[in-house]
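A.B. asks: Residue numbers (this note's numbering): 21 to 138.
Below is the structure I would like to discuss, written out as structure tokens.
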Amino acid sequence: MAAGSPVERGFLSVFFAVCACASGLLPREPGAVGLVGIDYYQKALLLFWASSGEVFLEQAQCLGLLAVCSAGWNTVAQSWRLAGQAVRIAQDLGLHIASLVCPEIPVPLALLGSRFLG
């Protein structure tokens with residue numbers, strides 16, 4: 021698993037996070053001990069931490085998915101921590117501002133003022 025560029029690391033971290041969440045949907049073998057999908061979870065976290073110092077959208081997606089996966093395992097404290105990190109990364113990227121106004125849809129200025137400022 022040699023992920024060189026940040027794009028590859030980002031994609032792979034999201035992919036492994038999706039696999040970790042999806043593995044919880046599979047039936048468990050009787051007598052199985054441990055968390056289902058923990059291998060994918062660990063791979064996603066390793067790829068996330070390998071790109072520390074950089075900020076890109078896939079990091080927020082990965083952490084959001086890992087938060088859902090952790091909540092499914094009933095490790096709620098870890099889930100909240102991951103969700104908080106995902107929100108902070110999304111704010112660093114400006115996603116909280118970018119989603120307020122869509123440039124493709126013309127919205128009257130009076131409506132914007134009454135909805136967002138009032």
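Glycine included, each C-beta is placed from N, C-alpha and C at the ideal position.
#1: Does DSSP put PRO50 in a helix, a strand or coil?
#2: Among ARG29, CYS89 and ALA110, which residue has its Cα nearest to the Cα of ALA181?
#3: Mind reading off the beta-carbon distance from LEU65 to LEU86? Whole number of angstroms is fine, and I expect it under 8 Å.
#4: With DSSP collapsed to three states, give me the class of PHE35.
#5: At the level of alpha carbons, what is the spacing between PRO50 and GLU28?
#6: If you pair each beta-carbon of the region 56-63 with each one of the region 30-40, do three or more pairs fall below 8 Å?
#7: Return helix, strand or coil for GLY104, following the three-state DSSP convention.
C.D. replies: In this structure, then:
#1: coil
#2: A question about residue 181 goes unanswered here, because the residues of the chain that appear run from 21 up to 138.
#3: 7 Å
#4: helix
#5: 36 Å
#6: yes
#7: helix
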